[in-house]
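Trainee: I'd like to ask you about the structure that follows.
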Amino acid sequence: MLSLPEWFQTPPGRYLLAWEQARMDEAVADLFGYYSLQLGLPELQALRRNRMPHPWLAVDSLGELKRVGTEPAEGRLPRAALLTDYAALPFPEASLDLVVLPHTLETSHDPHTTLREVERVLVPDGRVVISCFNPTSLWGARQRRARLYQRLGGGSLYLPGAGDFLGYLRLRDWLRLLSFEVETAHFGCYRPAVDSETWLRRFEWMDAAGERWWPIFGAAYFLVAVKRVRGMHLLGPAWKQARRPVGVPVPVVNRQHRTHPGRGATPFESEGN
5 MLSLPEWFQT PPGRYLLAWE QARMDEAVAD LFGYYSLQLG LPELQALRRN
55 RMPHPWLAVD SLGELKRVGT EPAEGRLPRA ALLTDYAALP FPEASLDLVV
105 LPHTLETSHD PHTTLREVER VLVPDGRVVI SCFNPTSLWG ARQRRARLYQ
155 RLGGGSLYLP GAGDFLGYLR LRDWLRLLSF EVETAHFGCY RPAVDSETWL
205 RRFEWMDAAG ERWWPIFGAA YFLVAVKRVR GMHLLGPAWK QARRPVGVPV
255 PVVNRQHRTH PGRGATPFES EGN
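Each position in the sequence shown, counted from 1, maps to that position plus 4 in our numbering.
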């Protein structure tokens, strides 16, 4: 049974990693802010196209920390790496603008708590980017069959065995409960669950066919969600002039008129005199 980093060194793993890297580059390129965080999977450079000045990489094991390396990859800023528990991130509330979870929820011991912790550290209107294996796919079907064979005493898993795969609809429900709104979602990698590079290339045509004819059955899915805060109102600019209140009619006090020389008194003045 291969771990997730080991599996990404196999032909299907490299095929999936290339698809996810392209989706990540597109998703984070136009997201702005100051602080961004990637949780796990150093093999995927999720923040290399993002322009936030303070990128972070967090891992939950010493093995992953050793794989980060000391030299920055070409074309991206150096990333600060830290060792932490994903269910208890060492960041203040509402302090991060972007959090990326590449297969993090599947390998977490408590994925729902991890997602709730991500919601805590994100600023209002902050983004979370998530990639997961799709259990409703050809790859997911082979994985379920392999698990059945293992219970009977034989067989080997096609995908990494650690963790539990999350369905797309199930993850959307979790995000909705935490006041996230899904902005975009993509499915990809429609080639069959084969092991060799040669057979993966022969089925390359299925990627275009799958996007058109069975789009929700890709081997993996990818989504971007934004954190919404209920009851929050945006304030207008301080320099905007307030409207003046409509004028209120003011009663005029009657004055006693005096008779001017050369002008006769009015009936009212004569009566008063």
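Glycine residues also receive a C-beta, built at the ideal position from the N, C-alpha and C atoms.
For the candidate residues V186, L175, A224, whose alpha-carbon lies nearest to that of C193?
Mentor: Numbered from its first residue, the sequence shown carries residue 193 at position 189. Among V186, L175, A224, the Cα nearest to that of C193 is on A224.
Trainee: For A92, is the classification buried or exposed, using 16 other Cβ atoms within 10 angstroms of its Cβ as the cut-off for buried?
Mentor: Counting from 1 along the sequence shown, the entry for residue 92 is found at position 88. Answer is exposed; the Cβ neighbour count stays below 16.
Trainee: On the DSSP letters alone, give me the boundaries of the beta strand (DSSP E) that L102 sits inside.
Mentor: Numbered from its first residue, the sequence shown carries residue 102 at position 98. Where L102 is concerned, the enclosing beta strand (DSSP E) stretches over 100–106.
Trainee: Between Q49 and S112, what straight-line distance do the alpha-carbon atoms span, to the nearest angstrom?
Mentor: As a first step, residue 49 must be located in the sequence shown, where it is residue number 45. As a first step, residue 112 must be located in the sequence shown, where it is residue number 108. Those two C-alpha atoms are separated by around 20 Å.
Trainee: Given a cut-off of 9 Å, decide if V104 and V132 are closer than it, judged by their beta-carbon atoms.
Mentor: Taking the sequence shown and counting its residues from 1, one reaches residue 132 at position 128. Taking the sequence shown and counting its residues from 1, one reaches residue 104 at position 100. Yes; because the gap between Cβ atoms is below 9 Å, this pair is in contact.
Trainee: Please report the residue range of the alpha helix (DSSP H) in which D211 lies.
Mentor: Walking along the sequence shown from the start, residue 211 turns up at place 207. That run of the alpha helix (DSSP H) goes 209–217.
Trainee: Measure from the alpha carbon of R55 to the alpha carbon of each residue in L102, P106, S183, then state which is nearest.
Mentor: One-based indexing of the sequence shown puts residue 55 at position 51. Ranking the options by Cα distance to R55, first place goes to L102.
Trainee: On the three-state DSSP scale, how would you describe P128?
Mentor: Taking the first residue of the sequence shown as position 1, residue 128 is located at position 124. Three-state DSSP puts P128 in a strand.
Trainee: Considering only residues of the segment 148–224, which uninterrupted beta strand (DSSP E) runs meet the minimum length of 3 residues and lie entirely inside it, listed in chain order?
Mentor: The qualifying runs are 184–192.
Trainee: Going by DSSP, what residue range makes up the alpha helix (DSSP H) through V32?
Mentor: Walking along the sequence shown from the start, residue 32 turns up at place 28. Where V32 is concerned, the enclosing alpha helix (DSSP H) stretches over 15–32.
Trainee: Tell me which same chain residues have a C-beta within less than 7 Å of the C-beta of P15, skipping the five on either side of it?
Mentor: In the sequence shown, residue 15 corresponds to position 11, counting from 1. Counting only Cβ-Cβ distances below 7 Å, and skipping sequence neighbours, we find D199, S200, E201, L204.
Trainee: Which same chain residues end up closer than 8 Å to F184 when comparing Cβ atoms and leaving out the 5 residues on each side of it in sequence?
Mentor: As a working note, residue 184 is residue 180 in the sequence shown. Closer than 8 Å at Cβ, skipping near neighbours: E123, V132, A229, V230, K231, R232.
Trainee: Decide yes or no for the touch test of the segment 164–181 against the segment 204–217: beta carbon pairs closer than 8 Å, at least 3 of them.
Mentor: The segment 164–181, when compared against the segment 204–217, does not touch it at the 8 Å Cβ threshold.
Trainee: In this structure, does DSSP put V233 in helix, strand or coil?
Mentor: Within the sequence shown, the letter at position 229 stands for residue 233. Three-state result, V233: coil.
Trainee: Taking A212 as the reference, which of F95, N138, F191, A197 has the closest Cα?
Mentor: Here residue 212 refers to the residue found at position 208 of the sequence shown. Among F95, N138, F191, A197, the Cα nearest to that of A212 is on F191.
Trainee: Could you tell me the alpha carbon to alpha carbon distance between L175 and R206, rounded to whole angstroms?
Mentor: Here the question's residue 175 lines up with position 171 in the sequence shown. Here the question's residue 206 lines up with position 202 in the sequence shown. L175 and R206: Cα-Cα distance of roughly 33 Å.
Trainee: Per DSSP, which residues does D64 bridge with? Please list them.
Mentor: Taking the first residue of the sequence shown as 1, we reach residue 64 at position 60. Looking at the DSSP assignment, D64 forms no beta bridge with any residue, so it has no partner.
Trainee: Select from L69, A150, E30 the residue whose C-alpha is nearest the C-alpha of R52.
Mentor: By one-based count along the sequence shown, residue 52 stands at place 48. Of the candidates L69, A150, E30, the one whose C-alpha sits nearest the C-alpha of R52 is E30.
Trainee: Given this structure, state the Cα-to-Cα distance separating P96 from P59, to the nearest angstrom.
Mentor: The residue you call residue 96 lines up with position 92 of the sequence shown. The residue you call residue 59 lines up with position 55 of the sequence shown. Cα to Cα, the separation comes out at about 16 Å.
Trainee: On a CA-only basis, which of T117, G37, L20, E10 is nearest E68? Give me that one, please.
Mentor: Your numbering for residue 68 matches position 64 in the sequence shown. Taking only the C-alpha atoms, the option nearest E68 is E10.
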